[in-house]
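The next block holds one structure in the form of structure tokens; read it before the comments.
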Amino acid sequence: DATKAGFTAGMLAQDLESMHAGAPTAGAMSANLASTASQLELTPMSSEMATALAPDALADGFWGGYDANFEAVAGVNYSTANGLGDEFSANFMGDSNTDMNYAFYNAMGPGGEDISLTTSLGSTMLSAHCASFPTENSTTILADAANGFVNSGTMTRASLWNYTAMADATTPDFETTIARDWAMCAGVGMTFSALGGGDDDWMLDTTGEAVNASARLANLGITMDNTAAMAMLFGIPGDDAITGLLEVSESGTEFGVANFLSMEDSAAMTAYGMDGATFAAVKGWAGAWMADGKSLPMILLGGSGDMTASLFVNTTFGAEDPLNGGYLDNSLNLGGFWGIPESRDNIALDPAVSGNALYGPLGLTTDTGAAIFLYGELSGMTPPLNFSTNPPTPGAPMAWDEATIGALYGVDTNAAAAMRALMMGPIYGTTAESFVPGFLMSSFGTTPYLTQSFNNWLLGWHDPVNAFLATGNPMDMTVGWTSLETNETYYSSPNIANGDGTNYTMCTGEGGDCDQGETLAEDGSTQLSWRNDAMFAATFGLISPESLVGTTGGFLTGTGDKVDVSGYAVADVTCDGTSTVKGIPVDDCSATVVATERNIQANLLETYSLLDATPGALPVYFGSEITMQAEELSGLIIAGESASTFYLDTRAHTSQATAPSMSDLVPVFEIKSSSMIADDDAETMESSIVQNQDKMTYWTNFDSWIDYVTLLFWVGGIAMIGMGMVGAANAPSEEEDKDFSASAEEAPAEESPAEDGE
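Taking the numbering used here, the leading residue of the sequence shown gets 2, the next gets one more, and so forth.
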């Protein structure tokens, strides 16, 4: 995190300013002791005795060097200038009560630290202490006698390295002790300084007198050309990219060392122009501080123990900064402002408690903990979980207040209140001064509002934040694409596929258990893609599943119909009238999605986490008005139109836990669409469906072979009728038949007598 990166950057700078000189200074002390022992052996003296006396002799040598330098500057020696007599000296070797072997080889700090002057820590500590608390005169020292000399740098060093001179068994010889302190600060401190230790503005030197970056890094085991070293440490002048290991963005949210350590090895070597060995050395140096592999001995600052990056984070989050004093801005003490009102105390949490608040099961730096805290702040309630179990299980939500927060994180209500103020102000506030907005704006060039073309909004735009989360590179154009609707590829992308399409399972009507054209599944799921069982589980039941089964695929039954509104909602269809479309009788139907009741945040975010259900995370609402005309016999939808509007909730993000009113919503953009059966298709339908339903004229469109058979029947029938009518017209009536028969029968009777008469 940022605090850990800040600590690491600070420790790298401290290494380059002072700590790098510790090891070579300690090495110089060891070399000086060996040289002194060799000189003593020439007196003559045994090797063992020479080695034992060398520390005292070396300390006396430091005094001689200091006194000579004093005289060169002042014109008189030290003893004369201070009225101490001609015989005065620091007298290390002649004091049987002093053994400088302890100082050089065995000195221990209050916490058991090895501060002997032949170690890096010991030589650094004495040199730094001399610089921070210069040698005082006897008057100043005696003024602190009532405090046991705890405020005296001279007496503190003399005690730690055991070179206090005594006038008698209980009274220090202050003048001799002061002389010894001058000697040790000069002998060790001047060596340390000559190696570049303690030079806090070395990087600004233009004279070439200061120890440069290359030499300082060499003391840390890193071999680099000075030009390359300066670029690695401080970045490229004029370049806005935060690449230098010691670089920090103006907002204080981006650190070069964090960027360096997060890069792939090969990419880092290319970017910084390092070979494998150099890169490994630099990464090992920086990474050790970041990952707690190195620590700062707090004895250097008058404390105890060791300070790692993690301990620094945990300590400063809930208490005072142990390195610099005061309070961090992004801490529970809010840079010191929290404790200003008389009614509130400064927060002073144990590091372990702070560590739990930051990194525990509900840690504020974890995805789960941050999401739960933000949900609580923005909704006023906890998620529906029982936090007494680990992990939490489903349970009744609780009011989100200081008492609840205190119980969850093991802090008092004062610290809980500070936690709320920190999270909703300096961390997640709504201005660029807050950490998260500032980080997004400075690192990714994002702004509170984004203006782009309609095609971008609808079909695709590149989000650098999503790209960074995916690959660590915000400019990676192969990832980070998003859209409100789907297309084969994302609009304006380098042909990045927008999914692999959607597979719909539709009802054919042949099975008998569903109506023709109804949707049965989408990509194998019977639920909306963002309101499914997975989302229900991820949001602890706050976002419920919605079924797609039964939504129309182009037909309406008139009973229980539903429509899938572009994946944003499932709406009921009602039919309440009839009309005609291009001569085709239709049922008039409609569906409505009420904007104030349809928050589509989870659809747009789709993180499958509590964030999807957190009020105000992305307060977009969706409303739609749909009309449809379905052919009244088949139910086929042949005309329709819709107006769908996306709205933004303008209420404060802390006031969005309840449903908005329409006055709270501002339309962002609207999608209107309409469709109607084409003229040719309408003519065909009118013929195929409407006309075919007429019992007398269904055959006249000749759209089926049966129509021709019907025609033959009609022709044959008409012919038969015609023939029958003709025959009927030519046939005699019944009376005529009777008369004719009578005549026929009577004629022979009249002729018979004549025949007989012949």
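Beta carbons are placed, not taken as given, at the ideal position from N, Cα and C, and that holds for glycine.
**Asked** Ala416 and Ile497: beta carbons closer than 7 Å?
**Response** no
**Prompt:** For Arg532, which beta-bridge partners are listed by DSSP?
**Reply:** Leu529
**Message:** Buried or exposed for Ser267, going by 16 or more other Cβ atoms inside 10 Å?
**Reply:** exposed
**Item:** Own chain, CB closer than 6 Å to Leu17, minus 5 neighbours either side, in chain order
**Value:** Arg217
**Request:** Output the distance between the C-alpha atoms of Leu302 and Val669, rounded to the nearest integer angstrom.
**Result:** 57 Å
**Request:** Please name the residue or residues paired with Asp573 in a DSSP beta bridge.
**Result:** Lys563
**Item:** Residues that Asp589 bridges to, as DSSP identifies them
**Value:** Gly578, Gln630
**Request:** Taking Gly222 and Ala282 to be in contact with their CB atoms under 8 Å, please state how far apart those CB atoms are, rounded to whole angstroms.
**Result:** 6 Å
**Item:** Assigned exposure category for Ala10 - 16 Cβ within 10 Å defines buried
**Value:** buried
**Message:** Determine whether the beta carbon atoms of Thr552 and Val564 lie at a separation below 7 Å.
**Reply:** yes
**Request:** Measure the CB-CB distance between Pro385 and Phe541 and report whether it falls below 7 Å.
**Result:** yes
**Message:** Please identify the residue among Ala570, Glu607, Phe556 whose C-alpha is closest to the C-alpha of Gly641.
**Reply:** Phe556
**Message:** If the criterion is Cβ atoms closer than 7 Å, does the pair Met101 and Pro173 meet it?
**Reply:** no
**Touching by the beta-carbon criterion (3+ pairs, under 8 Å), the stretch 203–216 and the stretch 83–100** = no
**Item:** DSSP state of Asp57 mapped onto helix, strand, coil
**Value:** helix
**Request:** Go through the stretch 304–391 residue by residue and report every complete run of the alpha helix (DSSP H) that reaches 4 residues or more, in order.
**Result:** 310–319, 352–360, 368–380
**Prompt:** Which stretch, first to last residue, makes up the alpha helix (DSSP H) that contains Leu521?
**Reply:** Segment 520–523 is the beta strand (DSSP E) holding Leu521; no alpha helix (DSSP H) there.
**Request:** Taking the CB atoms as reference points, tell me whether Ser444 and Glu248 lie closer together than 7 Å.
**Result:** no
**Asked** How many whole angstroms separate the CB atoms of Ile639 and Glu632, which I take to be in contact at a CB cut-off of 8 Å?
**Response** 6 Å
**Asked** What are the boundary residues of the alpha helix (DSSP H) that Phe670 is part of?
**Response** It is not in any alpha helix (DSSP H) - Phe670 instead sits in the beta strand (DSSP E) that spans 666–677.
**Request:** Just grab the DSSP bridge partners of Ala400 for me.
**Result:** Met382
**Message:** Tell me which residues share the same chain as Phe455 and place their Cβ nearer than 7 Å to its Cβ, disregarding the 5 neighbours each side in the sequence.
**Reply:** Phe670
**Message:** In the DSSP assignment, the alpha helix (DSSP H) including Ala82 goes from what residue to what residue?
**Reply:** 79–82
**Sheet register partners of Thr483 (DSSP bridge)** = Trp462
**Asked** With Thr120 and Ala232 assumed to form a contact (beta carbons below 8 Å), what rounded beta-carbon distance in angstroms separates them?
**Response** Actually they are not in contact, since the Cβ atoms of Thr120 and Ala232 sit about 33 Å apart, beyond 8 Å.
**Request:** Below 8 Å on the Cβ atoms is my guess for Asp682 versus Asp665; work out the distance and round it to an integer in Å.
**Result:** That pair is no contact at about 44 Å.
**Prompt:** Between Glu519 and the rest of its own chain, which residues show a CB-CB distance below 8 Å, the 5 nearest in sequence each way excluded?
**Reply:** Met507, Cys508, Val550, Gly551, Thr552, Thr553, Gly554, Phe556
**Request:** May I have the straight-line CA-CA distance separating Asn260 from Ala242, to the nearest angstrom?
**Result:** 10 Å
**Message:** On the criterion of 16 or more Cβ atoms from any shown chain inside 10 Å, does Thr309 qualify as buried, or is it exposed?
**Reply:** buried
**Item:** Thr506 - containing beta strand (DSSP E), residue span
**Value:** 505–507
**Prompt:** With distances taken from CA atoms, which of Val587, Gly617, Ala614, Val594 is nearest Ser625?
**Reply:** Val594
**Request:** Would you kindly check if the distance between the Cβ of Asn604 and the Cβ of Trp531 is under 7 Å?
**Result:** yes
**Asked** Asn83 to Gly304, Cα distance in whole Å?
**Response** 34 Å
**Item:** Three-pair Cβ contact test at 8 Å for the stretch 399–417 versus the stretch 351–367
**Value:** yes
**Message:** Buried or exposed, going by whether 16 or more other CB atoms sit within 10 Å of the CB of Met476?
**Reply:** exposed
**Request:** Give the straight-line distance between the Cα atoms of Tyr609 and Phe338, rounded to the nearest whole angstrom.
**Result:** 37 Å
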